[in-house]
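In terms of my numbering, the sequence shown is residues 1 to 231.
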Amino acid sequence: MLYRADFHVHSCLSPCASLEMSPDAIVRKAKEVGLNALALTDHNCGFNLPAFAKICERRGMECLYGMEVTSMEEAHILCLFDDLESALEMGALVYDSLPDVPNQPDRFGDQPIIDENEEILGFADKFLISASGFDIGSLVERVHALDGLIIPAHIDRMVYGVIAQLGFLPAENFDAVELTARGDPALALGYPIIRNSDSHDLGGLGSAHTDYELESLTVNHLRKVLEQRRA
Ligand SMILES: [Zn+2]
Ligand SMILES: [Zn+2]
1 MLYRADFHVH SCLSPCASLE MSPDAIVRKA KEVGLNALAL TDHNCGFNLP
51 AFAKICERRG MECLYGMEVT SMEEAHILCL FDDLESALEM GALVYDSLPD
101 VPNQPDRFGD QPIIDENEEI LGFADKFLIS ASGFDIGSLV ERVHALDGLI
151 IPAHIDRMVY GVIAQLGFLP AENFDAVELT ARGDPALALG YPIIRNSDSH
201 DLGGLGSAHT DYELESLTVN HLRKVLEQRR A
């Protein structure tokens, strides 16, 4: 089956994302623009993944469960799981490792945790944009131990991309690297390339995606297809 996927999308939980980004609004818009696979990847936690899981089931959208972790090096790294429990476990580890810096909603925006009916359950207290306690190497190890995919995000960006932060793309056991819509493939140094929208508002959905021919949407099938794209 052909999956047209966007595996990098932020919900209203991310302080930098628009409050319109409820899981339900995201999934409805994604269908409208022709996507049939999605991942929710909020910064450094997975608090809105349970609502996302219920909405995807309700609306017949296939999905992965993820997060965009800020490594100790301040590089953004996507972690993707096909199993909600593993994603929640990783999300809790990453959130617990964040410094005790509270969010300042007036400056940075709210961080609402919502349910599938868009009721606010609470707010994430810690500022989600801080660097986590995981360096890149320990992140790779932990995500693979939980059978997830690890993919440095927007490596062509001048801010929070791994190349911008380190000055080079490290030789790690990454499953792929992510480029923005117009990012230069030469930057990937042979790693499999995926592109996603990194949407923070509904208008961003559909602005970048990647097609995958898969038997079904699982991490194992994805890993095999990505492996074939390694240069
Ligand atoms: Zn990012
Ligand atoms: Zn992002």
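Using N, Cα and C, we set each Cβ at its ideal position, and we do this for glycine too.
(1) When DSSP builds the beta bridges, which residues end up paired with G122?
(2) Would you kindly work out how many angstroms separate the C-alpha atoms of G206 and L19, rounded to a whole number?
(3) Report whether the distance from the Cβ of E62 to the nearest heavy atom of ligand 1 is below 7 Å.
(4) Using C-beta distances below 6 Å, list every residue in its chain close to L226, excluding the 5 sequence neighbours before and after it, in chain order.
(5) Determine the extent of the alpha helix (DSSP H) in which P50 is found, giving its start and end residues.
(6) Cα-Cα, which of E116, L139, L2, C45 is closest to S22?
(7) Would you check if the distance between the CB atom of I266 and the CB atom of E172 is smaller than 8 Å?
(8) For ligand 3, is there any heavy atom lying closer than 7 Å to the beta carbon of A153?
(9) With DSSP run on the structure shown, which of helix, strand or coil describes G66?
(10) Are at least three pairs of beta-carbons, each pair with one atom in the stretch 104 to 120 and one in the stretch 80 to 88, less than 8 Å apart?
(11) Suppose contacts are defined by Cβ-Cβ distances below 8 Å. Is Y76 in contact with N196 by that definition?
So, from the data block:
(1) I113
(2) 19 Å
(3) no
(4) D175, A176, P192
(5) 49 to 59
(6) E116
(7) Nothing about residue 266 can be read from this structure; the chain reaches only from 1 to 231.
(8) Ligand 3 is absent from the structure shown, which contains only ligand 1 and ligand 2.
(9) strand
(10) no
(11) Checking the sequence shown, residue 76 turns out to be His, not Tyr. The answer is no: Cβ separation not under 8 Å.
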